[in-house]
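Single-structure report; data block below.
There are 2 protein chains.
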Amino acid sequence: MISLEKICRSFTVGDEKVHALRDIDLRVSDGEYISIMGPSGSGKSTLLNMIGLLDRPDSGTYRIGDEDVTLLSDRRQAEVRCHRIGFIFQFFHLVSRMTASENIELPMILAGMEPKQRRGKVEEAVEAFGLADRASHRPDQLSGGQRQRVAIARATVMQPEILLADEPTGNLDSTSGMDVINILERLNGDGITLIMVTHDHSLGRRATRQLTMVDGRIERDTVPSLS
Amino acid sequence: MISLEKICRSFTVGDEKVHALRDIDLRVSDGEYISIMGPSGSGKSTLLNMIGLLDRPDSGTYRIGDEDVTLLSDRRQAEVRCHRIGFIFQFFHLVSRMTASENIELPMILAGMEPKQRRGKVEEAVEAFGLADRASHRPDQLSGGQRQRVAIARATVMQPEILLADEPTGNLDSTSGMDVINILERLNGDGITLIMVTHDHSLGRRATRQLTMVDGRIERDTVPSLS
Ligand SMILES: Nc1ncnc2c1ncn2[C@@H]1O[C@H](COP(=O)(O)OP(=O)(O)OP(=O)(O)O)[C@@H](O)[C@H]1O
Ligand SMILES: Nc1ncnc2c1ncn2[C@@H]1O[C@H](COP(=O)(O)OP(=O)(O)OP(=O)(O)O)[C@@H](O)[C@H]1O
Ligand SMILES: [Mg+2]
Ligand SMILES: [Mg+2]
C-alpha cells in the first residue's frame, strides 16, 4: 500500500517557481496496475520520481505500508529503493562503461546476491528481452530500443514489489513494445504493483486504473468498468 | 536529390562484426516526404546518421545533388551539415549548459546570422513549439517532451533543405505530437525534403513514401496509391 497525501513539489529557475506537483493525493493498493497519462510537462516523471524515492516532496507525506518514507534518511531511502522498487527511466540512465549484461546485473550485485544466482537471472532477462546477441555491447553500441530494453531488464530482474515505468515503449516498434508490456503485465499478475507513465493511449487503456495528470494535478482517476 | 548506392556500414564489437547497413540503395527526390519504419535494431538510426553526414559508410557512394559527399573532408562535410541538413536526434543531444533558447539559436550562430534576425526566429520557434514559459530553462530543468521539442525547434529553425527526424514524437503526448507533425509537414509543403524514422504506424502512414528496414536492409519501399 502506497499512500501520497498533499504532496507538493516545485522547482526554482531564476526567480520563477515551477509547481510541478500540486497537492497530490494518491492511494495505491498492493498489486494494482495503474497508468498515468497527460500532456508533456504535466508532472508525470516528477510524480514517478517521487514515488520511486528519487526525489523528496517539498511538503506532504508519502507512506509505503505504514512507514512514512519522507522521514527516512538518504541512506535508508536508498535501501528501500534498492530492495523494494524497480525504476525504468524515461531516458534509461544506463552505466556507459558497462555492458548490457553488467547493467542488468547491477541491482543484484547491490543487493548482495550470489554470483551463480545472478548469472542465471541475467541470462533469463537477456533472452526474454531479445538481447542475446547484444549482451556484451555497451550502451553506445546499442540502438535506442535496445538500450530501452536493457533499462527494463535491469528494473525487473529482481522482481521488486513496486515497478515504476516511465514511457517504457517510447523507442520500441510495436512488436518489441508488446513483448515488454506482456512481461510487465505478467509480473503484475505475480503480484507486483505496476505504475506506468505512457503517452500511448492504447497502452494506457490496458491498465485497470487510469490516471490523467494536467499541470501538476491528478485530474482524473478512473477504474473503467469494462476492462 | 539524394542518392545512396550500395551503402554498407558495420560496427566491430570484440571479435564480432555487426552489419548495421547492408547494400543500401536509395534515391530521394527534392521535397519528398519519406517515413522509415522497422524493428528495433534494424538500422534506421544508422541510416539516418549516414544521410545526415554524421557517419561515413564503409563502402558505397552517397551523393547530394551531383556531389559525392563521401569524398569530402570532415571540414567540408561539417559545412554541408551546417547549411543544408537539420537533424532531430532520437536522444536530442542538447547542450546541457545552454538554455532552451540558446540551444535553438545555436545553428544560426554557427551559420553567421545577425543577432537581431536570430532573436526573431528563436521567439517564433519557442512560440510554435509551446516552449514560451520554458525558454530560459536548461535541459535538466525540462521534461522529456519539452527537451524533444527544443531538439525539433533547433533542427527546423533555419529551414534546412533536408530535414532528418529520428523518432520525433517518442516522448510527446498525442496533442504535442500532432503539433510537431503539422510543423514538419508544413515545412515539407514549403519544399523541404523530410525523412522521418518512427515507430508510430499512424505517423509512418502519413508519408507519401514508406520504407521498411529489416536487419540492415530496405525490405519495402512503397508509394501508397491512396494517400
Ligand atoms: N556504435 C555501435 N557499435 C556496435 N553496434 C552498433 C553501434 N551502433 C549501432 N549498433 C548496432 O547496429 C544495429 C542498428 O542500430 P540502429 O541504432 O541503427 O537501430 P535502429 O533501427 O535505430 O533501432 P531502434 O528502433 O531501437 O532505435 C543495432 O543492432 C545496434 O546494436
Ligand atoms: N529540475 C527541474 N527544474 C525546473 N523545472 C523542472 C525540473 N524538472 C521538471 N521541471 C518542470 O516541471 C514540469 C513537470 O516535469 P515532468 O518531467 O514531470 O513532466 P512530464 O509530465 O514527465 O512530461 P513529459 O511527458 O514531457 O515527459 C515541467 O514543466 C518541467 O519543465
Ligand atoms: Mg516525463
Ligand atoms: Mg534508432
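Residue numbers (numbering that gives the first Met the number 0), protein chains in the order written: chain A, 0 to 226; chain L, 0 to 226.
Ideal Cβ positions, reconstructed from N, Cα and C, are used throughout, including at glycine.
Check, Outcome
"Looking only at its own chain, which residues have a Cβ that is under 8 Å from the Cβ of A110/A, when we skip the five neighbours before and after it?", "C81, H82 and M157"
"Can you tell me whether DSSP reads D14/L as helix, strand or coil?", "coil"
"Helix, strand or coil for S28/L? Go by DSSP, reduced to three states.", "coil"
"Curious, which full-length alpha helix (DSSP H) runs of at least 4 residues does the segment 94-140 of chain A contain?", "99-109 and 114-127"
"Determine contact between the segment 17-29 of chain L and the segment 157-170 of chain A, defined as no fewer than three beta-carbon pairs at a distance below 8 Å.", "no"
"Given this structure, state the Cα-to-Cα distance separating S226/L from G119/L, to the nearest angstrom.", "Unreliable placement is indicated for S226/L, whose pLDDT of 49 sits below 50; the coordinate value is still reported in the next sentence. Answer to the nearest angstrom: the Cα atoms are 36 Å apart."
"If we cut at 8 Å on Cβ distances, does N102/A have a partner in chain L?", "no"
"Taking 6 Å as the limit between beta carbons, can you name the residues of its chain near R62/L, skipping five residues before and five after?", "S2"
"Which chain A residues are close to H92/L, counting only those with a beta carbon under 7 Å from its beta carbon?", "By Cβ distance, chain A contributes nothing, its closest Cβ being about 12 Å from H92/L, past 7 Å."
"Give the interface partners of G144/A over in chain L, defined as CB-CB distance under 7 Å, in chain order.", "S39 and G40"
"Would you check whether ligand 5 has a heavy atom nearer than 7 Å to the C-beta of S44/L?", "Only ligand 1, ligand 2, ligand 3 and ligand 4 can be found as ligands here, which leaves ligand 5 out of the picture."
"Grab the span of the alpha helix (DSSP H) containing E184/L for me, first residue to last.", "S173 to G188"
"DSSP three-state label for L70/A, please.", "helix"
"Quick check: is any heavy atom of ligand 2 less than 7 Å from the C-beta of V17/A?", "yes"
"Report yes if the C-beta distance between F91/A and A134/A is below 8 Å; otherwise report no.", "no"
"Going straight from the alpha carbon of R74/L to that of Q89/L, what length do you get?", "24 Å"
"Pairs of beta-carbons, one from the segment 29-44 of chain A and one from the segment 171-180 of chain L, closer than 8 Å: are there three or more?", "yes"
"Under 7 Å from any heavy atom of ligand 3, does the C-beta of S58/L make it?", "no"
"In this structure, how does DSSP classify N49/A when only helix, strand and coil are distinguished?", "Reading the sequence as shown, one finds Met at residue 49/A and not Asn. Note: M49/A maps to helix in three-state DSSP."
"For the 8 Å Cβ check, are there 3 or more pairs between the segment 3-13 of chain L and the segment 202-209 of chain A?", "no"
"Compute the beta-carbon to beta-carbon distance between T69/A and R55/A, rounded to the nearest angstrom, for a pair I have assumed lies under 8 Å.", "7 Å"
"Mind checking if D172/L is an interface residue toward chain A, Cβ cutoff 8 Å exclusive?", "yes"
"Please report the Cβ distance between T197/A and E166/A, rounded to the nearest whole angstrom; I am assuming they are in contact, meaning their Cβ atoms lie under 8 Å.", "6 Å"
"Going along the segment 170-198 of chain A in order, which residues come within less than 8 Å of chain L, judged by CB to CB distance?", "N170, L171, D172, S173, T174, S175, G176 and H198"
"Taking 7 Å as the cut-off, does the CB of Q145/A come closer than this to any heavy atom belonging to ligand 1?", "yes"
"Apart from the five residues just before and just after A152/A, which ones in its own chain have a Cβ nearer than 6 Å to its Cβ?", "I103, A124 and F128"
"Looking at the C-beta of F10/A, does it have a partner C-beta in chain L at a distance below 8 Å?", "yes"
"Is there a C-beta anywhere in chain A that falls below 8 Å from the one on S135/L?", "yes"
"What first and last residue would you give for the beta strand (DSSP E) that runs through G59/L?", "S58 to I63"
"Any heavy atom of ligand 3 inside 7 Å of the beta-carbon of Q140/L?", "no"
"Closest by CA to N187/A, which one among L141/A, I33/A and A99/A?", "I33/A"
"Is H18/A close to chain L? Criterion is C-beta to C-beta, closer than 8 Å.", "no"
"Could you tell me the alpha carbon to alpha carbon distance between F86/A and V94/L, rounded to whole angstroms?", "26 Å"
"So, with DSSP's three-state summary, where would you put S142/L?", "coil"
"Which residues in chain L have a C-beta closer than 8 Å to the C-beta of Q89/A? List them in chain order.", "G143 and N170"
"Could you pull out every residue in the same chain whose Cβ sits closer than 7 Å to the Cβ of S100/L, ignoring the five residues on either side in sequence?", "V121, V125, A134 and S135"
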